[in-house]
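Peer 1:
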Ligand code: ADP
C-alpha cells in the first residue's frame, strides 16, 4: 500500500493568521496538505486515533491533579462548518473529557453582565478539552457589524479579550483559535442544501439570508479580530473551509499539536504496583 500523504508543514504554520487578508483569502485552498479528499479522509482516520490517545492522557493527568487544559475556539460565518468540527473532530474523542459550549444571542440574564461573564462560566477544567462554538469574539463581530453597542464599547473589547486570554494561558489553558471561512458562493450552496433536504431544514434560519448582505462588513470585522487579537500566546489560525474534509483534518492536526506541546505522559501509579498485584492474586 502507498504511504499516506501527510502534511508538508505543521498545520499551525500552514494556517498562521499573520499577514492574512480576509477579503483576499482563497477559501478553497488546502494549505499544508497536498492530498485530495480521499487522501485526507484516510489520514484523518489515522490522526483521530492519535488525537484520541493524547486526549486520554490529558484527561488522565487531569484526574491526577494536573490543572492544564486546552480550549478550542471556533469562529465562522453561518455554514462555515463549526458544527461539523464538533461532530467529526471532537466526536472522535472520549466525551467525558470534553466541555462543549455554544454561544448564541445572549439571554436577558447574560445581557445584564459583562460580555466575558458567560464565557468565564464555560471555561474548561483541568484535563478537559473545551470547545467554544462561537465565543467572546461574537462581541466584536456580530455586535460590531450590527452596532448592537456603540463603537466606544466594542472598541475596547479587543484589549479586554487579549488580557483575558493572557490570564487564561498563564493559568494553564492552551488556547487554539480557529477562524473558518467559506466563500459567498459556497455559503449559498450550503444554505440551498438546507432548503432542499428534509434532514437539513432544522439548520435553516431565514435570517441567514439577510446576513449575506453584511458579508463585507463581516470580513472587515474578522480582519480587525485577526489584526488585534492574534497574539503569540493565543494565535489565530485561518482555516479555508470550502472543503469540509480539509477543515476536519486541519483542526484535528491543530489539536494534536497543542496536546503534544503539553508533553503529556501517563500519570504514575499512586500505589505500590507489586503490592497490589500480590493482593489481587490472593483476592
Ligand atoms: P448557530 O447559528 O451557530 O447554529 P444559534 O442560532 O443558536 O447558533 O445562535 C447563533 C446566533 O447568535 C448567531 O447569529 C450569532 O451571531 C448570535 N450571537 C452569538 N453571540 C452573540 C452576541 N454576543 N451578541 C449578539 N448575537 C450573538
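Residue numbers (full-length UniProt numbering): 1 to 283. The beta carbon of each residue, even a glycine, is placed where N, CA and C say it ideally should be.
1) Across which residues does DSSP place residue 75 in a beta bridge pair?
2) I'd like to confirm the pairing. Which residues does DSSP put opposite residue 26 in its beta bridges?
3) Return the Cβ separation of residue 215 and residue 249 in integer angstroms, given the expectation that the two are a contact with Cβ distance under 8 Å.
4) Please report the residue range of the alpha helix (DSSP H) in which residue 85 lies.
5) Take residue 99 and list the residues in its own chain whose beta-carbon comes closer than 6 Å to its own, dropping the five residues that flank it on each side.
6) Using 8 Å as the threshold, is the segment 133-143 in touch with the segment 151-159, meaning 3 or more CB pairs across them?
7) Which residue from 269, 54, 80 puts its Cα closest to that of residue 240?
8) At a cut of 8 Å, does the segment 91-98 reach the segment 45-61 through at least three beta carbon pairs?
9) Give a yes or no on whether the C-beta atoms belonging to residue 238 and residue 29 are separated by under 8 Å.
10) Contact between the segment 35-47 and the segment 62-72 is defined here as three or more beta-carbon pairs at a separation below 8 Å; is this criterion met?
11) Give me the Cα-Cα distance between residue 176 and residue 169, rounded to the nearest whole angstrom.
12) Under a Cβ-count criterion, where at least 16 other Cβ atoms within 10 Å of its own Cβ denotes burial, should residue 195 be classed as buried or exposed?
13) For my contact list, residue 223 and residue 134 are in at a C-beta cut-off of 8 Å; report their separation, rounded to the angstrom.
14) Is the CB-CB distance between residue 245 and residue 41 below 8 Å?
15) Looking at the secondary structure, which residues open and close the beta strand (DSSP E) in which residue 5 lies?
16) Cβ atoms of residue 173 and residue 254: under 8 Å apart, would you say?
17) With respect to the alpha helix (DSSP H) encompassing residue 272, which residues constitute its N-terminal and C-terminal limits?
18) With respect to 7 Å, is the separation between the Cβ of residue 87 and the closest non-hydrogen atom of the ligand ADP below this value?
19) Considering only heavy atoms of the ligand ADP, does any lie closer than 7 Å to the CB of residue 199?
20) Taking buried to mean at least 16 other C-beta atoms within 10 Å of its own C-beta, is residue 171 buried or exposed?
21) Using only CA atoms, which one of 197, 165, 189, 266 lies nearest to residue 209?
22) Going straight from the alpha carbon of residue 243 to that of residue 235, what length do you get?
23) Run the proximity test for residue 143: is its beta-carbon closer than 7 Å to any non-hydrogen atom belonging to the ligand ADP?
24) Looking at residue 178 and residue 22, is the spacing between their C-beta atoms short of 8 Å?
Peer 2: So, from the data block:
1) BP columns for residue 75 point to 179.
2) DSSP links residue 26 through a beta bridge to no other residue.
3) Between residue 215 and residue 249 a beta carbon distance of about 26 Å is seen, past the 8 Å cut, so the two are scored as non-contacting.
4) First-last of the alpha helix (DSSP H) with residue 85: 82-88.
5) Contacts found: 124, 128, 130.
6) Short answer: they touch.
7) The candidate whose alpha carbon is nearest that of residue 240 is 80.
8) The segment 91-98, when compared against the segment 45-61, does touch it at the 8 Å Cβ threshold.
9) Contact flag unset, no.
10) No, the segment 35-47 does not touch the segment 62-72.
11) Residue 176 and residue 169: Cα-Cα distance of roughly 11 Å.
12) With fewer than 16 other Cβ atoms within 10 Å, it is exposed.
13) Taking the Cβ atoms as the reference, residue 223 lies roughly 18 Å from residue 134, outside the contact range of under 8 Å.
14) A contact, by the Cβ cut-off of 8 Å.
15) Premise fails: residue 5 is in no beta strand (DSSP E) and is neither H nor E.
16) Annotated as distal: residue 254 and residue 173, with beta-carbon spacing of 8 Å or more.
17) Neither: residue 272 is in no alpha helix (DSSP H) and is coded neither H nor E.
18) For the ligand ADP, no non-hydrogen atom lies closer than 7 Å to the CB of residue 87.
19) Distance from the C-beta of residue 199 to the nearest heavy atom of the ligand ADP is not below 7 Å.
20) Per the 10 Å Cβ criterion, exposed.
21) Cα-wise, what sits closest to residue 209 is 189.
22) Answer to the nearest angstrom: the Cα atoms are 23 Å apart.
23) Residue 143: yes, Cβ under 7 Å from the ligand ADP.
24) Cβ distance not < 8 Å, so residue 22 and residue 178 don't count as in contact.
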